[in-house]
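Below is one structure, written out as structure tokens; comments come after it.
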Amino acid sequence: MGVSTPSVHPTTGEYVWVSGCAPDEIAIAIAPLWLIEAMLQEETEPATAAKPYPLHNEVNIYYPPTSNNSQLQWTDADWALSYLAALSPSRADHYEDWCSVGMILKSIDESLLPEWESWSRQSSKYKPGECDKKWKSFNKSGVGIGTLALMAKQDGWSSPFRGQSLFNGSHTFHLNSPQIIRTKNGHNNNNSMSDLSNRSGDCTLNNTPSLYDQVTTILTSDNNPPQQSAAFVELSSTKGYPLRGVKQLAVEIETYIGNQERSTEDARELNKLLNYREQKLDITQILPAPLAQALLTKADSDRLDPAYLYQYLLTACGSEMGGHIGIVGKQGATVADSWIEYPIFWTMVIALASGGKSQTMRSIFDPIKHRYKQSKTEYKKLKTELQGLEEAWQQKSSEEKEELKNSQLNPTVFKATMPPPPPKKLIEAGTPEGALRRLSELASRSGCVWVFDELVRLLKLDQYKDKGGDTRQILLQTWNSPSDLEFERSNEEDSFELKDLCLNLTGATQLSKIKTLFSDPDDGDGLISRFLIAVPASPDNFAVWSDSVVAINQELQDLYEHLRVLHQRLREFRKGRNEENEFLIGRDEAVEMQEDGDLFSTPSDDSHEEQLPFLLSFTPQARRRWQRWWEEVRRNQQGVEFENPALFAYLGKMLSQTLRLALLLHCMELKYEQKSDPLRVGIETLERAILAAKFSIGQFRIIQTNNHQSDSLPGRLSLIHAYALRKGTEVSAVQVQNTVFKRCKPKPTLAEIRQDFATLTENGYAVLSGKGKDLRIRAIPISQANVGIPNHSDGYSDTPQVNEKLNRSSIQPSLVKNSDNSDPKTFFSTQLENNSSQLGDEETPKVIPVAESSLSDPGERLFDQGVDHVSDQNCRNCRNSDDESSPDLYKQGILDDERLSETCRNDVGISDNLLEENSDSSGNLQF
Numbered sequence: 001m002g003v004s005t006p007s008v009h010p011t012t013g014e015y016v017w018v019s020g021c022a023p024d025e026i027a028i029a030i031a032p033l034w035l036i037e038a039m040l041q042e043e044t045e046p047a048t049a050a051k052p053y054p055l056h057n058e059v060n061i062y063y064p065p066t067s068n069n070s071q072l073q074w075t076d077a078d079w080a081l082s083y084l085a086a087l088s089p090s091r092a093d094h095y096e097d098w099c100s101v102g103m104i105l106k107s108i109d110e111s112l113l114p115e116w117e118s119w120s121r122q123s124s125k126y127k128p129g130e131c132d133k134k135w136k137s138f139n140k141s142g143v144g145i146g147t148l149a150l151m152a153k154q155d156g157w158s159s160p161f162r163g164q165s166l167f168n169g170s171h172t173f174h175l176n177s178p179q180i181i182r183t184k185n186g187h188n189n190n191n192s193m194s195d196l197s198n199r200s201g202d203c204t205l206n207n208t209p210s211l212y213d214q215v216t217t218i219l220t221s222d223n224n225p226p227q228q229s230a231a232f233v234e235l236s237s238t239k240g241y242p243l244r245g246v247k248q249l250a251v252e253i254e255t256y257i258g259n260q261e262r263s264t265e266d267a268r269e270l271n272k273l274l275n276y277r278e279q280k281l282d283i284t285q286i287l288p289a290p291l292a293q294a295l296l297t298k299a300d301s302d303r304l305d306p307a308y309l310y311q312y313l314l315t316a317c318g319s320e321m322g323g324h325i326g327i328v329g330k331q332g333a334t335v336a337d338s339w340i341e342y343p344i345f346w347t348m349v350i351a352l353a354s355g356g357k358s359q360t361m362r363s364i365f366d367p368i369k370h371r372y373k374q375s376k377t378e379y380k381k382l383k384t385e386l387q388g389l390e391e392a393w394q395q396k397s398s399e400e401k402e403e404l405k406n407s408q409l410n411p412t413v414f415k416a417t418m419p420p421p422p423p424k425k426l427i428e429a430g431t432p433e434g435a436l437r438r439l440s441e442l443a444s445r446s447g448c449v450w451v452f453d454e455l456v457r458l459l460k461l462d463q464y465k466d467k468g469g470d471t472r473q474i475l476l477q478t479w480n481s482p483s484d485l486e487f488e489r490s491n492e493e494d495s496f497e498l499k500d501l502c503l504n505l506t507g508a509t510q511l512s513k514i515k516t517l518f519s520d521p522d523d524g525d526g527l528i529s530r531f532l533i534a535v536p537a538s539p540d541n542f543a544v545w546s547d548s549v550v551a552i553n554q555e556l557q558d559l560y561e562h563l564r565v566l567h568q569r570l571r572e573f574r575k576g577r578n579e580e581n582e583f584l585i586g587r588d589e590a591v592e593m594q595e596d597g598d599l600f601s602t603p604s605d606d607s608h609e610e611q612l613p614f615l616l617s618f619t620p621q622a623r624r625r626w627q628r629w630w631e632e633v634r635r636n637q638q639g640v641e642f643e644n645p646a647l648f649a650y651l652g653k654m655l656s657q658t659l660r661l662a663l664l665l666h667c668m669e670l671k672y673e674q675k676s677d678p679l680r681v682g683i684e685t686l687e688r689a690i691l692a693a694k695f696s697i698g699q700f701r702i703i704q705t706n707n708h709q710s711d712s713l714p715g716r717l718s719l720i721h722a723y724a725l726r727k728g729t730e731v732s733a734v735q736v737q738n739t740v741f742k743r744c745k746p747k748p749t750l751a752e753i754r755q756d757f758a759t760l761t762e763n764g765y766a767v768l769s770g771k772g773k774d775l776r777i778r779a780i781p782i783s784q785a786n787v788g789i790p791n792h793s794d795g796y797s798d799t800p801q802v803n804e805k806l807n808r809s810s811i812q813p814s815l816v817k818n819s820d821n822s823d824p825k826t827f828f829s830t831q832l833e834n835n836s837s838q839l840g841d842e843e844t845p846k847v848i849p850v851a852e853s854s855l856s857d858p859g860e861r862l863f864d865q866g867v868d869h870v871s872d873q874n875c876r877n878c879r880n881s882d883d884e885s886s887p888d889l890y891k892q893g894i895l896d897d898e899r900l901s902e903t904c905r906n907d908v909g910i911s912d913n914l915l916e917e918n919s920d921s922s923g924n925l926q927f
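If you're matching positions, the sequence shown starts at 1 in UniProt numbering and goes up one per residue.
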């Protein structure tokens, strides 16, 4: 019964409040939601007109996913999200409104932070992480849901139950274009909008298309932007939709469509990055077997990644070889016109402190330091002896001096026979000016290595010079070729020059400092692109004690000595072969037998030949493989020219790096292996150089991802996967945010990280557990992952697959009889004896013969015949067998990108299809 003032009770004459229920005895209650909704409704038509309202004419309306769509089942959170969806984006730009919305949402439900974050993104002032920080400062008391309802009303919100009875308990309504869907656990269901569009058949009334379908049709039409805008205005006016809501929906749909187009590309990029992180450097597949085994004794004993040793070894060997030997990448009309590379290596190791860089650095460079100290001690003894002779000479009479003038007791004669001061080939400390002056003391075409314990020092060389300095630019020049530079000073006595010196450079840096080196993401001056990069990882047995005995020092001493004198022995070999040719067939015919246009192996009568570099070339098969590799790298460069300039530069430098690696590997192999022609680099040596180059490319991509942690979704996902995989247990979003993205600015939000968890799971790289804030992830190794994208490269081989193939074929790296640690002269003397049997056999170098049946079909490949058909020497050691088909272990593309077609942008320069799924027997690599 209802009573209103001034009603009179028929019996007592008055009405009184029940005790405890008077208005001044109880707090004012919050109006029920149905009453608020009734108050907020507008009159759509005169009361006399009882026409049903078309329920599909709604925009920016939120509906909770309940089976019985009743208004009475809606919670405060449901109504709040309905209001939030209708708010104008401009309110997110207004600080007070932005804070009010956040406070209201938190007062309703603590779990609404992701929704507030999503709504805030509409503002140009949005800063990642700011919502989370502000949310924590809000109290639950304060502004209520009524304020949010009023704001939504002002921005065009209308009730989803408009035109329906508010009291009959059966509020059926039409699902139109929801923006946010709440799951039962209270968190966002971020399933793609395609789930909604797939239900478009249920989102209509009397077969009328839903607003979502109508807007999508306009966006995907062939109309230009002005025509699309006109269509939105017409849609709004004819259907009664708020124009602002229609345009907002159009923006969201267009964003979604763009994201869908990128999702496949992101999945492929993620797969590539995870494979790069899974990749391990197997030095037994690159270096000669005895050398690799010696290095592995150190790696196994210290439980370190062999990549440490490999990186430092390249620069040490390059410094010992100097500029005496080069390799021809492309021959020109003259030597000056030709593309020639020398063993100049810049290597970078990126690892945590105390990861093993110091002890491995000592192991590699100690033999060089020991030799220098030994030579320096001997030289000091000679100088002391010379000083004594000079003092004694002053005491001698004229007759004695005349009698001893040609003897070693004469200081002048003794000094003339003294060796020069020992060259300092290893620089570990000092100023740039001092280092360059030490280099100027070296003989022409010498090599040197500059070792940085912390490579970031390289960028600070000129920091104390007025107006900067030119040290960095000088260093950049020294990588390109042997340095021939003159340094002029105002005082002529202070001037100096570098005489065709090969400066190798190596060092390490910590992960936390790598951002300094990568401060320019595009690598504008090309500094980073000059480095061969490695990111060593702790082995699985890192915490297991090893009793392995290190046996590396003597092996390195012998190797360095071999490389130091190799150019002299190659000259002797070529001289003996030329003399043999002239004796057998005459000089003119001997010259004609050289390869067409080969300017570098013909006999020379130049008296300055010893000062010229000794140049090696490829065998015919290796040359063709080199040309295909050049084309493959160039195509990959084209694919990243605009989206990744730094990778474009790195790939460009990798062509020179490949030549240098092939040259060094060939010179190393001459110490251990018997080659039919030591003056030519064979195809297997080139393939191993390519394998090493690909490893460096993968490591560069990893560093790019680590440095720009949140720039791309695939990069962020790969970091999360790597961290979870290393942990080996379930990890939470908080753990990831505080470790993986600890130094990232801005950090991804917890909501974004949880979404990343879901994405990794959808792609088959992880397993989810828990719900809401307790959501956790366990990473799956890439080799066991059920990848959610098709693999377009059947020929792809990661490291485990390579090892499996090698095990199946039972190919073991064995040594030939003449490849022990004895004097390398044994090899050269053997070759000089056999010169006469090798003349004119360039196309088919001398190797141990294969069974005739295995050669009957020219299309067959030696590596497909099985080891029973091939002699032992035609495996790992016979690298100049020059079988044009490459082993399966090399069939891996540079960037594993099937988009890069065989034809270049200008349809020039491509002779073979390297990108087809089924490559031919030429050893082409697949993407």
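Where is the CB? At the ideal position from N, CA and C, for every residue including glycine.
Cα separation between Y312 and R577? As a working note, residue 312 is residue 312 in the sequence shown. As a working note, residue 577 is residue 577 in the sequence shown. When rounded, the distance between both Cα atoms is 36 angstroms.
Please name the residue in D132, C667 and K425 whose C-alpha comes closest to that of residue 930. Since the first and last residues shown for the chain are 1 and 927, residue 930 lies out of range.
Can you grab the Cα-Cα spacing for the pair R489 / S440, in whole Å? Within the sequence shown, residue 489 is the residue found at index 489, counting from 1. Within the sequence shown, residue 440 is the residue found at index 440, counting from 1. Roughly 14 angstroms between the two C-alpha positions.
Helix, strand or coil, according to DSSP, for F138 in the structure here? Within the sequence shown, numbered from 1, the residue matching residue 138 stands at position 138. Three-state DSSP puts F138 in coil, outside helix and strand.
Helix, strand or coil for S617, going by three-state DSSP, please let me know. Looking up residue 617 in the sequence shown gives position 617. S617 carries a strand assignment under DSSP once its states are collapsed to helix, strand and coil.
With a threshold of 16 other CB atoms inside 10 Å of the CB of G772, please say whether the residue is buried or exposed. Position 772 of the sequence shown, counting from 1, holds the residue named residue 772. Around the beta-carbon of G772, fewer than 16 other beta-carbon atoms lie within 10 Å, marking it exposed.
I'd like the span of the beta strand (DSSP E) that includes L501, first residue to last. One-based indexing of the sequence shown puts residue 501 at position 501. F496 to T509 is the extent of the beta strand (DSSP E) around L501.
S617 and R574: beta carbons closer than 8 angstroms? As a working note, residue 617 is residue 617 in the sequence shown. As a working note, residue 574 is residue 574 in the sequence shown. With contacts defined by Cβ atoms closer than 8 angstroms, S617 and R574 do not form a contacting pair.
Would the segment 498 to 505 and the segment 335 to 350 be scored as touching if the rule is three or more Cβ pairs under 8 angstroms? A contact exists between the segment 498 to 505 and the segment 335 to 350.
To which residues does DSSP link F531 through a beta bridge? Against the sequence shown, residue 531 aligns to sequence position 531. Beta-bridge pairing links F531 to W346.
Which residue marks the beginning of the beta strand (DSSP E) containing V767, and which one marks its end? Here residue 767 refers to the residue found at position 767 of the sequence shown. Looking at the DSSP string, the run of the beta strand (DSSP E) that includes V767 is A766 to S769.
What's the call for C448, buried or exposed, on a 16-neighbour Cβ count within 10 Å? In the sequence shown, residue 448 corresponds to position 448, counting from 1. With 16 or more neighbouring CB atoms inside 10 Å of its own CB, C448 falls in the buried class.
Check whether the segment 547 to 562 touches the segment 305 to 320, taking contact to mean three or more Cβ pairs, one atom from each stretch, closer than 8 angstroms. The segment 547 to 562, when compared against the segment 305 to 320, does touch it at the 8 angstroms Cβ threshold.
Could you work out which residue in V451, A336, V143 and P128 is closest to P613 when comparing CA atoms only? The sequence position of residue 613 within the sequence shown is 613, counting from 1. Nearest of V451, A336, V143 and P128 to P613, Cα basis: A336.
I need the boundaries of the beta strand (DSSP E) containing W116, first residue and last residue. Residue mapping note: residue 116 aligns to position 116 of the sequence shown, counting from 1. Taken as a continuous stretch (DSSP letters only), W116 belongs to no beta strand (DSSP E), being part of the alpha helix (DSSP H) at L113 to S120.
Neighbourhood of D222 by C-beta distance below 6 angstroms, restricted to the same chain and skipping five residues each side: Residue numbering aside, residue 222 sits at position 222 when the sequence shown is read from its first letter. Within the same chain, D222 has no close Cβ partners at all.
Pull up the DSSP beta-bridge partners for A149, would you. Position 149 of the sequence shown, counted from the first residue, corresponds to residue 149. DSSP, once it has assigned bridges, lists no residue as partnering A149.
Compare the Cα-Cα distances from L386 to each of R564, K415 and Q359 and report the closest residue. For the purposes of this step, residue 386 is identified with residue 386 of the sequence shown, where counting begins at 1. Of R564, K415 and Q359, the residue nearest in Cα terms is K415.
Would you kindly check if the distance between the Cβ of P423 and the Cβ of S446 is under 8 angstroms? On the sequence shown, position 446 is the one that residue 446 refers to. On the sequence shown, position 423 is the one that residue 423 refers to. Judged by beta-carbon spacing, P423 lies within the 8 angstroms limit of S446, meaning their Cβ atoms are closer than that value.
For the pair the segment 684 to 704 and the segment 656 to 670, tell me if three or more CB-CB distances fall below 8 angstroms. With a cut-off of 8 angstroms, the segment 656 to 670 and the segment 684 to 704 count as touching, because enough Cβ pairs lie within range.
To the nearest angstrom, report how far apart G355 and R457 are at their CA atoms. Mapped onto the sequence shown, residue 355 falls at position 355. Mapped onto the sequence shown, residue 457 falls at position 457. Approximately 19 angstroms between the Cα atoms of the pair.
Option in T759, R701, A92 and A693 with minimal Cα separation from L281: For the purposes of this step, residue 281 is taken as residue 281 along the sequence shown, with counting starting at 1. Of the listed residues, the one whose Cα sits closest to L281 is A693.
Using a threshold of 8 angstroms, state whether the C-beta atoms of K136 and P746 are closer than that. As a position in the sequence shown, residue 136 is number 136, starting the count at 1. As a position in the sequence shown, residue 746 is number 746, starting the count at 1. P746 sits away from K136, with the two beta carbons spaced by 8 angstroms or more.
Under 8 angstroms between the Cβ atoms of V413 and E428? Here residue 413 corresponds to residue number 413 of the sequence shown, with the count starting at 1. Here residue 428 corresponds to residue number 428 of the sequence shown, with the count starting at 1. Judged by beta-carbon spacing, E428 lies beyond the 8 angstroms limit of V413, meaning their Cβ atoms are not closer than that value.
Neighbour-count burial assignment, W479, 16 or more Cβ in a 10 Å radius: To locate residue 479, count along the sequence shown from 1; it is residue 479. Buried: at least 16 other Cβ atoms inside 10 Å.
Where the beta strand (DSSP E) through D484 begins and ends: Residue numbering aside, residue 484 sits at position 484 when the sequence shown is read from its first letter. Start and end: S483 to F487.
Which residue or residues does DSSP assign as beta-bridge partners of E341? Walking along the sequence shown from the start, residue 341 turns up at place 341. Its beta-bridge partners are I327.
Inter-stretch contact (C-beta, 8 angstroms, three-pair minimum) for the segment 108 to 117 and the segment 720 to 737: No, because fewer than three Cβ pairs between the segment 108 to 117 and the segment 720 to 737 fall closer than 8 angstroms, the two stretches do not touch.
Nearest CA to the CA of A299: which residue from L105, V544 and S159? Along the sequence shown, read from residue 1 onward, the residue named residue 299 stands at position 299. Among L105, V544 and S159, the Cα nearest to that of A299 is on V544.
Assign C21 to one of two classes, buried (16 or more other C-beta atoms within 10 Å of its C-beta) or exposed (fewer than that). Along the sequence shown, one-based indexing puts residue 21 at 21. Result: exposed.
Terminal residues of the continuous alpha helix (DSSP H) containing A649? The sequence position of residue 649 within the sequence shown is 649, counting from 1. From DSSP, the alpha helix (DSSP H) with A649 extends over P645 to Y672.
How many angstroms separate the CA atom of Q331 from the CA atom of M654? As a position in the sequence shown, residue 331 is number 331, starting the count at 1. As a position in the sequence shown, residue 654 is number 654, starting the count at 1. So the two alpha carbons sit approximately 19 angstroms from each other.
Short of 6 angstroms in beta carbon distance, which residues of its chain neighbour residue 957, apart from the five on each side in sequence? Order them along the chain. With the chain covering only 1 through 927, there is no way to say anything about residue 957.
Does L475 come out as helix, strand or coil in the three-state DSSP assignment? The sequence position of residue 475 within the sequence shown is 475, counting from 1. Helix, per DSSP.
Neighbour-count burial assignment, T384, 16 or more Cβ in a 10 Å radius: Along the sequence shown, read from residue 1 onward, the residue named residue 384 stands at position 384. Its Cβ having fewer than 16 others within 10 Å, T384 is exposed.
The segment 83 to 99 in contact with the segment 139 to 157 per 3-pair CB rule at 8 angstroms: The segment 83 to 99 is in contact with the segment 139 to 157.
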